[in-house]
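Peer 1: Going down the list, the sequences are from chains V and G.
So for the first sequence, the working numbering puts the first residue at 5; every next one is plus one.
So for the second sequence, the working numbering puts the first residue at 15; every next one is plus one.
All C-beta atoms in this analysis are idealised placements derived from N, C-alpha and C, irrespective of residue type, glycine included.
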Amino acid sequence: AQSVTQLGSHVSVSEGALVLLRCNYSSSVPPYLFWYVQYPNQGLQLLLKYTTGATLVKGINGFEAEFKKSETSFHLTKPSAHMSDAAEYFCAVSDRGSQGNLIFGKGTKLSVKP
Amino acid sequence: GEEVAQTPKHLVRGEGQKAKLYCAPIKGHSYVFWYQQVLKNEFKFLISFQNENVFDETGMPKERFSAKCLPNSPCSLEIQATKLEDSAVYFCASSQFPGTYGYTFGSGTRLTVV
């Protein structure tokens with residue numbers, strides 16, 4: 005069965021600092037990997053996804069993630085945090101390939117200090 | 015439209031009452047997914063559809079939960095005889111090709127059972 009582990013339920017950074025949110029997955033088949041962001045009382049917005057091809061994936065709002073098969077990781081980074089980045093971030097892996105449901109991690113709450 | 019429309023936004027039911035939630039997927043998206051987000055932010059997959067056919071229902075508590083996606087109608091998720099533990103935000107997502115394009119989520123329906 006596939007699973008996702010997000011290390012750190014809460015990450016706090018200063019404005020302008022590097023953002024690093026960690027995600028490790030387990031999958032017996034090549035995974036499709038996703039990062040979503042959820043602002044308070046809102047739905048999920050897709051930040052970026054990895055399906056095939058280039059392992060460094062660029063997303064919206066300056067975020068990017070790198071798929072590392074050897075480390076079974078898909079960490080999310082942003083060089084310089086902005087106050088508006090404060091939200092909950094969810095890593096997810098797709099079950100059963102291209103039509104399967106998403107398996108979510110438990111989320112990481114990102115706080116950005118002025 | 016280009017958004018997944020979920021109605022109602024909020025729903026309050028007394029324990030034992032029925033609750034019915036609706037989801038209009040993006041036009042052209044043949045896959046619909048339902049997720050339950052409980053207080054600790056954990057997402058639980060409930061059921062998915064490919065057009066009007068159930069694709070995966072492994073997450074559905076079948077005793078009280080049912081769902082449909084009928085042609086030319088919004089999809090629906092119905093809970094018979096709600097319980098306190100059904101209180102959650104229910105998200106619907108749709109996709110044309112889940113693995114390739116990812117999922118577009120609605121803004122959710124917050125169900126409160128009192």
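What residues in the region 54-70 of chain G bring their beta carbon closer than 8 Å to a beta carbon of chain V?
Peer 2: Within the region 54-70 of chain G, the residues whose Cβ lies closer than 8 Å to some Cβ of chain V are Lys54, Asn55, Glu56, Phe57, Phe59, Ser62, Gln64, Phe69 and Asp70, listed in chain order.
Peer 1: Using only the alpha-carbon positions, how far apart do Glu71 of chain G and Phe119 of chain G sit?
Peer 2: Computed Cα separation, rounded: 19 Å.
Peer 1: How would you label Pro35 of chain V, buried or exposed, when you count the other beta carbons within 10 angstroms and need 16 or more for buried?
Peer 2: Pro35 of chain V comes out buried.
Peer 1: Let's see if you can read the secondary structure: which residues bound the beta strand (DSSP E) around Tyr43 of chain V?
Peer 2: No beta strand (DSSP E) holds Tyr43 of chain V; DSSP gives it neither H nor E.
Peer 1: Can you have a look at Thr56 of chain V and say buried or exposed, based on whether 16 or more other CB atoms are within 10 angstroms of its CB?
Peer 2: Label assigned to Thr56 of chain V: exposed.
Peer 1: So, helix, strand or coil for Ile40 of chain G, using DSSP?
Peer 2: DSSP places Ile40 of chain G in coil when its eight states are reduced to three.
Peer 1: Under 8 Å by Cβ, that's how I've got Ser84 of chain V and Gly20 of chain V pegged, so tell me the actual separation to the nearest angstrom.
Peer 2: Indeed, because the Cβ distance is near 5 Å, the residues count as touching under 8 Å.
Peer 1: Can you give me the C-alpha to C-alpha distance between Ser13 of chain V and Phe57 of chain G, rounded to a whole angstrom?
Peer 2: For Ser13 of chain V and Phe57 of chain G, the distance between alpha carbons rounds to 15 Å.
Peer 1: Could you spell out where the alpha helix (DSSP H) holding Tyr54 of chain V opens and where it closes?
Peer 2: Segment Leu48 to Tyr54 is the beta strand (DSSP E) holding Tyr54 of chain V; no alpha helix (DSSP H) there.
Peer 1: Taking buried to mean at least 16 other C-beta atoms within 10 Å of its own C-beta, is Gln50 of chain G buried or exposed?
Peer 2: Looking at its Cβ environment, which holds 16 or more other Cβ atoms inside 10 Å, Gln50 of chain G is buried.
Peer 1: If the cut is a Cβ gap below 9 Å, which residues of chain V does Phe105 of chain G touch?
Peer 2: Within chain V, the residues near Phe105 of chain G are Gly47 and Leu48.
Peer 1: Under a three-way DSSP split, which group does Leu11 of chain V fall into?
Peer 2: Reduced to three states, the DSSP call for Leu11 of chain V is strand.
Peer 1: What does Gly120 of chain G touch in chain V if you count any residue whose Cβ is under 7 Å from its own?
Peer 2: Within 7 Å Cβ-Cβ: Gly47.
Peer 1: With 8 Å as the threshold, decide whether the Cβ of Tyr117 of chain G is near any Cβ in chain V.
Peer 2: Output row for Tyr117 of chain G: interface = yes.
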